Amino acid sequence: MISDRPVVTGLGCLSAGGAGLESAWASMMAGVVSCGPPSRFQAAPARQSPIFEVSAGAWARSRIVPEAELPRTLCVEFFLSALDEALAMAGLRVDSLRGRRIGVSVGTTVGCALNDEEFYRAFKKGAEPDLAAIRRFLDHNPAPYVSRALDLRGPVSTINNACASGTDAVGQALEWIEEGLCEIVIAGGTDEVSRVPYLGFSSLLNTSERPCRPFDAGRDGLNLGEGAGVLIIEAQASAERRGVRPLARLGGYGCSADAYHMTAPHPGGAGLERALRQALSGRDPADISFVNAHGTATVLNDVVEGTTLARLFGSGVRVVGTKGYTGHALGAAGALEAVFTVQGLRTGTLPATAGFRDADPACAVIPTREATEIPKTYAVSTSLAFGGGNAAVLFEAME
Amino acid sequence: MNDVRILGLGPVLVCGQGVEALEQALGGGGGLPNAGVPTDSLTGFLPPARIRRIDSLGRMALLASYLALRDAGVAPEEACSDRTGIVFGTAFGPQTSTFAYLDGIIDAGDQMVSSLAFTNSVHNLAAAQISLALGIIGPARTLTTFGYTVGGSLLSARHWIRSGRVDRVLVVLGEETSPVMTYAVSRMGGGSDGVRPFTQGCSYTARPGCIALVLGLEAKGYARLVDVEEGLTAAEAAERAGQADGLFCADSGRADESIAYRELAAKSLRVASHSPLYGSLAISLGIELAIAALAITGKAAVPTLRTAAVAGVSGPDRVTMISIEG
Numbered sequence: 001m002i003s004d005r006p007v008v009t010g011l012g013c014l015s016a017g018g019a020g021l022e023s024a025w026a027s028m029m030a031g032v033v034s035c036g037p038p039s040r041f042q043a044a045p046a047r048q049s050p051i052f053e054v055s056a057g058a059w060a061r062s063r064i065v066p067e068a069e070l071p072r073t074l075c076v077e078f079f080l081s082a083l084d085e086a087l088a089m090a091g092l093r094v095d096s097l098r099g100r101r102i103g104v105s106v107g108t109t110v111g112c113a114l115n116d117e118e119f120y121r122a123f124k125k126g127a128e129p130d131l132a133a134i135r136r137f138l139d140h141n142p143a144p145y146v147s148r149a150l151d152l153r154g155p156v157s158t159i160n161n162a163c164a165s166g167t168d169a170v171g172q173a174l175e176w177i178e179e180g181l182c183e184i185v186i187a188g189g190t191d192e193v194s195r196v197p198y199l200g201f202s203s204l205l206n207t208s209e210r211p212c213r214p215f216d217a218g219r220d221g222l223n224l225g226e227g228a229g230v231l232i233i234e235a236q237a238s239a240e241r242r243g244v245r246p247l248a249r250l251g252g253y254g255c256s257a258d259a260y261h262m263t264a265p266h267p268g269g270a271g272l273e274r275a276l277r278q279a280l281s282g283r284d285p286a287d288i289s290f291v292n293a294h295g296t297a298t299v300l301n302d303v304v305e306g307t308t309l310a311r312l313f314g315s316g317v318r319v320v321g322t323k324g325y326t327g328h329a330l331g332a333a334g335a336l337e338a339v340f341t342v343q344g345l346r347t348g349t350l351p352a353t354a355g356f357r358d359a360d361p362a363c364a365v366i367p368t369r370e371a372t373e374i375p376k377t378y379a380v381s382t383s384l385a386f387g388g389g390n391a392a393v394l395f396e397a398m399e
Numbered sequence: 400m401n402d403v404r405i406l407g408l409g410p411v412l413v414c415g416q417g418v419e420a421l422e423q424a425l426g427g428g429g430g431l432p433n434a435g436v437p438t439d440s441l442t443g444f445l446p447p448a449r450i451r452r453i454d455s456l457g458r459m460a461l462l463a464s465y466l467a468l469r470d471a472g473v474a475p476e477e478a479c480s481d482r483t484g485i486v487f488g489t490a491f492g493p494q495t496s497t498f499a500y501l502d503g504i505i506d507a508g509d510q511m512v513s514s515l516a517f518t519n520s521v522h523n524l525a526a527a528q529i530s531l532a533l534g535i536i537g538p539a540r541t542l543t544t545f546g547y548t549v550g551g552s553l554l555s556a557r558h559w560i561r562s563g564r565v566d567r568v569l570v571v572l573g574e575e576t577s578p579v580m581t582y583a584v585s586r587m588g589g590g591s592d593g594v595r596p597f598t599q600g601c602s603y604t605a606r607p608g609c610i611a612l613v614l615g616l617e618a619k620g621y622a623r624l625v626d627v628e629e630g631l632t633a634a635e636a637a638e639r640a641g642q643a644d645g646l647f648c649a650d651s652g653r654a655d656e657s658i659a660y661r662e663l664a665a666k667s668l669r670v671a672s673h674s675p676l677y678g679s680l681a682i683s684l685g686i687e688l689a690i691a692a693l694a695i696t697g698k699a700a701v702p703t704l705r706t707a708a709v710a711g712v713s714g715p716d717r718v719t720m721i722s723i724e725g
C-alpha cells in the first residue's frame, strides 16, 4: 500500500533556544540555556517554576499572511514563523502552493483549547462578554488556519495527543505520503505557555523550581516551554522532480497506548517499546546513531524512558535530551525535537544535554555531557504523553 | 487495496442510544429533545467505581465504544489488544472539565487548582479512558480540527488497518455542550428551537452526543468505506454526490453551511440531513455517516441505497466527502 517514501526537505523552528534552526543549533551546541519567570502573565502557584519563553522581539512575524489578516494567537504566529523558514529551506515559494493538494498536520494542546481565562471570568460574572475570544478560538485552530491561509487543498489535521502531539503530527505526515493522499505535508507542532497549563502542571507537582535536569540524579521536574517546529515532509519522487536534495528520510513512525494510568507512564515502558519497534520497522537497533529522548526531567518519565531505551538499544546508546534548551513545549515538543534530530543527522553532531550532570543508575542511560560527533546512520525521537500515549519517529541520514 | 468496512455503530445521542434507538428515532420523526445524554447504562459495562472519576465526555465516549463493539460482534476481551486502535475526534474537547478547571482557578485561586480537573481537561483523555477501560494498547490518536475532524479520523483509521498495523479501529467522535457554548451560539444567532437544514439563517441548536464506529476488514457489517476526500471544492463535491444513490449532509444549521449544502444537493436525487433529530454537533458528519450506513443495509427508515455520499462543509469552498457502498 506504500505509495511513496517520505523525505524531509525543509526545517524550521522557534523556541527559547533560538529563532531559526541555525541560531538555535549554534546556541545549543554552545550550551546556552535561557529560562526565567513568565513575562507575559502573572501566576502564583504553590510551586513557581521558570519557563522557556520565546522572547518578544527575538523572532520575525511571518509574511505568509497579509498584515491585515495577521493571526491573533501566539500558537499560530509561532507556527507561521517556523513555516517561513521551512518553506524557504525546501525551496517552496508560498505562491507556488496555492490550490495544490498539500497536507497540513499540526500537533498542539493550548492551540485548540477553549480556555480563554479573561473571557470566562467575565462570563462567570454575567458580564455578557464580547465573543472575540470565541471567534479567535474558532478561527485559529492551527492546521485549518494554515491550510486556509495558504489556500491548500490537501488533508488537514490538528492532533491533540497531549505531550506527544508534535511527534504524532510528523508521523501522520508519513501516513499521508504512504497512502498517496498528497505529495507534500507541512507537519509540525506549536504551543504557547499561558496561565492555564502553567497552573495545571504546577498542580500535578511535576514542575521544577530550577532549570530542568533531564536524566540527572537530582532531577525534580519539568519546565514548560513554547514555540514551534515545522518539517516539510515530501514524497521522494516529488523532491526528485523539483531537484531538491532531501535533508533526511522519514523512515518510520510508531505510536501506542499504555492502558495503564492517566498521568503516569507504564512502569515497564511496554507501550514506548511497542512504538519504538514499530518505528524501527525491522532495522537493527545496533545501527542507531542516537535517540533524542522525551527527557522531561520528571522522576518517573526519565526512568521509564531510559530503561526502555537501554533494553532496546543497549545501555551504551547515545541519548540526548533537548528540553534543557527549550523547556517542555507540550504540543510543539515532539516537532522541535524531530527538527533537532534531523539537524543532528545532517551535521553529525549533538549538543550536550543541558541540565544533566550526575548519572542516575535508575535511568540506565547516560545522555550527552558535551557537544559530540556522531555517525550519520539513523536516529529516533520519542515522546510520552498524558493518558499513556507513546510515539516515536525515525529519521535516516541521506547518503 | 484491502477493503475497510464499517462493522459496528455506537450512537449515544439525545435521540437515543444504540442502533435500535437511532433506527426508531429515524422512523419516528420526533422533534429534537431538549436534554442531555444520560450515560447511566455504562454501568452495564463497567463497575461504578471505575466510572466515578471519568468525566462526562469520557463517559459518552466509553458508552459509545462499548455499544459499537457489541454491534460489531467484538467482545471487549477481543478488543483488548495491540491489534485495536483508537481515534477520538472532537472539535471542542471536554468542555465540562475545561470550565470546571477554570472555575477552580477563578474560585479557589492559583494555589488550589485541582489536578484532576486539569488532567480531565486535556483533549486526549477520552481516548485514554477508552484505552484504559478496554485494555486497548494499539495506536491512539485524538484529532481536534473542527470541520476536518471526522474525515481526518477516518483517514487515520483506514491507514492503520490497510497498513496491517491493526485489525480494527474504534473511531469515536464526541462533543459536549456548556453554558459558554449556549451563550456563544445565542449571540451568534443560533437558538434552541431545533435545526432547520438547507434553510436560510442560523438554526444552530447545540446538543451533546457521541458516535462510535468500528472499522475493520471483515467481509460483514454495514458498508464498505470507498473513499474519504478532504479539501474538495463545492463543485467537485457536487459531482461526487451526483454519482451516489443518496447524499447525506452534516448540516448543523449554520447559515454559511446551509447555503453550501444547498449547492451540493442540487445534483443529487435523494438528499437528507438528520440534524433535527440529534442537534448541532461539530462531528455530525460522523453521525450522518452512521445513518448512511444504516440506509445501505436497509435498517434506516429511509430508502435502501446501494451507494451513499456523506458531505461535511469544512470551510469556505472546502468539503469533506465520504463515500460508502454496500
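Protein chains in written order, with the working numbering: chain A, 1 to 399; chain B, 400 to 725.
Don't be surprised by glycine CBs; every beta carbon is placed ideally from N, CA and C.
Predicted, not measured: the structure shown is a model, and the values here were computed from it.
Report task. Could you tell me the distance, in whole angstroms, from the CA atom of residue 597/B to the CA atom of residue 100/A? Result -> Roughly 30 angstroms separates the two Cα atoms.
Query raised in the report: Is it right to say residue 135/A is buried, meaning 16 or more other beta carbons lie within 10 angstroms of its own, or is it exposed?
Result: exposed
Query raised in the report: Would a C-beta distance cut-off of 7 angstroms place residue 388/A and residue 253/A closer than the cut-off?
Result: no
Report task. Could you tell me which uninterrupted alpha helix (DSSP H) segments, each at least 4 residues in length, are contained entirely in the stretch 569-648 of chain B, listed from first to last along the chain? Result -> Runs of the alpha helix (DSSP H) inside the stretch 569-648 of chain B: 578-586 and 633-641.
Requested in this report: Under 8 angstroms between beta-carbons, which chain A residues line up against residue 603/B? List them in chain order, please.
Outcome: Within chain A, no residue comes near residue 603/B; the closest Cβ sits about 12 angstroms away, beyond 8 angstroms.
Requested in this report: Mind listing, in chain order, the continuous alpha helix (DSSP H) runs of no fewer than 4 residues lying wholly within the stretch 437-509 of chain B?
Outcome: 447-450, 455-471, 475-478 and 494-507
Query raised in the report: Buried or exposed: which applies to residue 557/B, given that a residue is buried once 16 or more other Cβ atoms fall within 10 Å of its Cβ?
Result: Counting Cβ neighbours within 10 Å, residue 557/B comes out buried, since at least 16 surround it.
Query - Beta-carbon proximity of residue 181/A to residue 97/A, cut-off 7 angstroms - result: no
Query raised in the report: If you measure from the beta carbon of residue 120/A to each beta carbon in chain B, is any gap under 7 angstroms?
Result: Closer than 7 angstroms to some Cβ of chain B, the Cβ of residue 120/A qualifies, so yes.
Query - For residue 261/A, the residue or residues it bridges with in DSSP - result: Answer is none; residue 261/A lacks a bridge partner.
Query raised in the report: Roughly how many angstroms separate the alpha carbons of residue 696/B and residue 406/B, rounded to a whole number?
Result: 12 angstroms
Query raised in the report: Can you list the alpha helix (DSSP H) stretches of 4 or more residues lying completely in the stretch 78-132 of chain A, in chain order?
Result: 117-124
Query raised in the report: Between the stretch 610-627 of chain B and the stretch 556-575 of chain B, do at least 3 Cβ pairs fall closer than 8 angstroms?
Result: yes
Query raised in the report: Skipping 5 residues on each side, what residues in its chain have a beta carbon closer than 7 angstroms to that of residue 147/A?
Result: 104 and 156
Query raised in the report: Residues in the stretch 585-596 of chain B with C-beta within 8 angstroms of chain A's C-beta atoms, listed in sequence order?
Result: 586 and 587
Query - Neighbouring residues, chain B, relative to residue 123/A (Cβ below 7 angstroms) - result: 579 and 582
Query raised in the report: Between which two residues does the alpha helix (DSSP H) carrying residue 690/B extend?
Result: 683-695
Query raised in the report: In chain B, which residues lie with their C-beta within 8 angstroms of the C-beta of residue 274/A?
Result: 481 and 536
Query - Reference residue 545/B, options 114/A, 172/A and 264/A, closest by Cα - result: 114/A
**Report entry** Contact list for residue 143/A against chain B, beta-carbon separation under 8 angstroms
**Finding:** Under the 8 angstroms cutoff, chain B gives 544 and 547.
Query raised in the report: Does the beta-carbon of residue 192/A have 16 or more other beta-carbons within 10 angstroms, so that it is buried, or is it exposed?
Result: buried
Requested in this report: Could you tell me how far apart the beta carbons of residue 298/A and residue 221/A are, in whole angstroms, since I believe they sit closer than 8 angstroms?
Outcome: 6 angstroms
Report task. Taking only heavy atoms of the ligand ATP into account, decide whether any of them is closer than 6 angstroms to the Cβ of residue 627/B. Result -> Among the components modelled here there is no ligand, and therefore nothing to report on the ligand ATP.
Query - Own chain partners of residue 27/A with C-beta closer than 6 angstroms, once the 5 adjacent residues on each side are dropped - result: 17 and 18
**Report entry** Span of the alpha helix (DSSP H), counted from its first residue to its last, around residue 241/A
**Finding:** 236-242
Query raised in the report: Are the CB atoms of residue 392/A and residue 341/A nearer to each other than 7 angstroms?
Result: no
Query raised in the report: Roughly how many whole angstroms lie between the Cα atoms of residue 559/B and residue 73/A?
Result: If you take the alpha carbons of residue 559/B and residue 73/A, they lie about 33 angstroms apart.
Report task. Note down, in chain order, each residue of its chain lying with its Cβ closer than 8 angstroms to the Cβ of residue 473/B, except the 5 sequence neighbours on either side. Result -> 406, 407, 567 and 613
Query - CB contact check: residue 263/A to chain B, cutoff 7 angstroms - result: Contact of residue 263/A with chain B is assigned, a C-beta pair being separated by under 7 angstroms.
Query - Integer Cβ distance of residue 410/B from residue 456/B, believed to fall under 8 angstroms - result: In fact, because the Cβ distance is near 16 angstroms, the residues do not count as touching under 8 angstroms.
**Report entry** Endpoints, alpha helix (DSSP H) assigned at residue 330/A
**Finding:** From DSSP, residue 330/A is part of no alpha helix (DSSP H); its letter is neither H nor E.
Query raised in the report: In terms of residue numbering, what span does the beta strand (DSSP E) encompassing residue 540/B cover?
Result: 539-542
Requested in this report: Use the C-beta contact count for residue 528/B: other C-beta atoms within 10 angstroms, 16 or more gives buried, fewer gives exposed.
Outcome: buried
Query raised in the report: Should residue 510/B be flagged as near chain A, meaning a C-beta pair shorter than 7 angstroms?
Result: yes
Query raised in the report: What residues match up with residue 367/A in a beta bridge as DSSP calls it?
Result: 319/A
Report task. Report buried or exposed for residue 249/A, applying the criterion of at least 16 other Cβ atoms within 10 angstroms of its Cβ. Result -> buried
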